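Below you'll find the structure, written out as structure tokens, and then a few comments.
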Amino acid sequence: AREPDLAGLRILVTAGGTREPIDPVRYLGNRSSGRQGVAIAAAAADRGAKVVLFAANIDSAVLSEVQDRAAVRVVPVGTAAELERAARAAAAGAEVIIMAAAVADYRVEDVAEQKIRKEDSAGAVPVLQLVENPDILVGLVHQRRPGQVIVGFAAETVEHEDELVERGRRKLARKGADLLAVNAVSWSEGFEAGENTLHVLSSDGRPATVTSGTKRVVADALLDVVRETLDS
Ligand code: PMT
Numbered sequence: 227a228r229e230p231d232l233a234g235l236r237i238l239v240t241a242g243g244t245r246e247p248i249d250p251v252r253y254l255g256n257r258s259s260g261r262q263g264v265a266i267a268a269a270a271a272d273r274g275a276k277v278v279l280f281a282a283n284i285d286s287a288v289l290s291e292v293q294d295r296a297a298v299r300v301v302p303v304g305t306a307a308e309l310e311r312a313a314r315a316a317a318a319g320a321e322v323i324i325m326a327a328a329v330a331d332y333r334v335e336d337v338a339e340q341k342i343r344k345e346d347s348a349g350a351v352p353v354l355q356l357v358e359n360p361d362i363l364v365g366l367v368h369q370r371r372p373g374q375v376i377v378g379f380a381a382e383t384v385e386h387e388d389e390l391v392e393r394g395r396r397k398l399a400r401k402g403a404d405l406l407a408v409n410a411v412s413w414s415e416g417f418e419a420g421e422n423t424l425h426v427l428s429s430d431g432r433p434a435t436v437t438s439g440t441k442r443v444v445a446d447a448l449l450d451v452v453r454e455t456l457d458s
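Residue numbers for the sequence shown, in the UniProt record's numbering: 227 to 458.
So, in structure tokens, the structure goes:
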């Protein structure tokens, strides 16, 4: 076991993928399983932190990794709007915020009260009008308390690794976070998988780190950089 080098810290972690309703039975979602964020929550608790995990639509088999840890409080959320409300309310009580959830950039403007029925459509294909969701990470950066470390994630589909880090650098500057954990995603990597490669970029000019391994291994590597950032 590792030293409890995060003892005394309250860490807020978001994980999973938001679901934006279309009607009472359908939604727009993404492939996040929550594994990466849950691994971060478990690792942080094992290193002594108190963790609040905002879990967006995570399967109970994935959540079971943290279920027996008294230091992790799991708060289920569904949509980006719910996650935003919950995260904003809890942010002031945390020294560290880690945004591993895949949050929908858009939601359906008018959610249908009743199931959209094919037999009622007279052969017309439904058109979904989308509206932008607020950027939760940017909102948290704006209300950041002194000394708070805010970590964003970036899931990027890229053809070359240099593009991954370049996109990450731009996203880090745009969002104003202290750290950005960048991972390549594709049909077969990032989402759902047991392993990941994380590039951790820092806004204070510290060199980027890159770690590959299980989601738990990269979670601990990310928390090492968080620890250094708190100390600097
Ligand atoms: O859950 P797994 O199956 O284990 O997969 C892990 C993962 C690939 C989902 C995870 O490692 C990851 O990359 N999570 C972030 C996915 C994502 O939404 O990235 P993004 O580049 O679209 O967003 C950038 C950052 O802004 C993220 O920290 C995100 O939480 C945040 N965001 C995005 C949109 C929005 N409206 N509000 C936000 O706060």
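Note that CB positions come from ideal geometry on N, CA and C, so glycine has one too. Just so we're clear, the structure is a prediction, and the values are computed from it rather than from any experiment.
Exercise. Please classify S286: does DSSP put it in a helix, a strand, or coil?
Key: Here the question's residue 286 lines up with position 60 in the sequence shown. Correct three-state label for S286: helix.
Practice problem: Put D388 into one of helix, strand or coil per three-state DSSP. | Solution: For the purposes of this step, residue 388 is identified with residue 162 of the sequence shown, where counting begins at 1. Correct three-state label for D388: helix.
Quiz item: Among the residues of its own chain, which have a CB less than 8 Å from the CB of V337, if the five just before and after it don't count?
Solution: As a working note, residue 337 is residue 111 in the sequence shown. Taken in chain order, the residues that qualify are P247, I248 and D249.
Self-check item: Limits of the unbroken beta strand (DSSP E) element including A296
Solution: Here residue 296 corresponds to residue number 70 of the sequence shown, with the count starting at 1. Run containing A296: none; DSSP gives neither H nor E here.
Quiz prompt | Best match in R228, A316, V251 and A287 for proximity to T240 [C-alpha to C-alpha] | solution = In the sequence shown, the residue the question calls residue 240 occupies position 14. Looking from the CA of T240, the closest CA among R228, A316, V251 and A287 belongs to A316.
Exercise. Check the DSSP bridge columns for L406 and list the partner residues they point to.
Key: For this step, residue 406 is matched to residue 180 along the sequence shown. According to DSSP, L406 bridges with G378 and L427.
Quiz item: Pick from D361, H386, N359 and R245: whose alpha carbon is nearest that of G255?
Solution: For the purposes of this step, residue 255 is taken as residue 29 along the sequence shown, with counting starting at 1. Of the candidates D361, H386, N359 and R245, the residue whose Cα lies closest to the Cα of G255 is R245.
Quiz item: Secondary structure at D272, three-state DSSP: helix, strand or coil?
Solution: Taking the sequence shown and counting its residues from 1, the one referred to as residue 272 is at position 46. Three-state result, D272: helix.
Quiz prompt | 9 Å Cβ cutoff met for I324 and I362 | solution = Locating residue 324 in the sequence shown gives position 98, where the first residue counts as 1. Locating residue 362 in the sequence shown gives position 136, where the first residue counts as 1. Cβ atoms of I324 and I362: not closer than 9 Å.
Self-check item: Bridge-paired residues (DSSP) for G242
Solution: As a working note, residue 242 is residue 16 in the sequence shown. Assignment of beta-bridge partners to G242 by DSSP yields A282.
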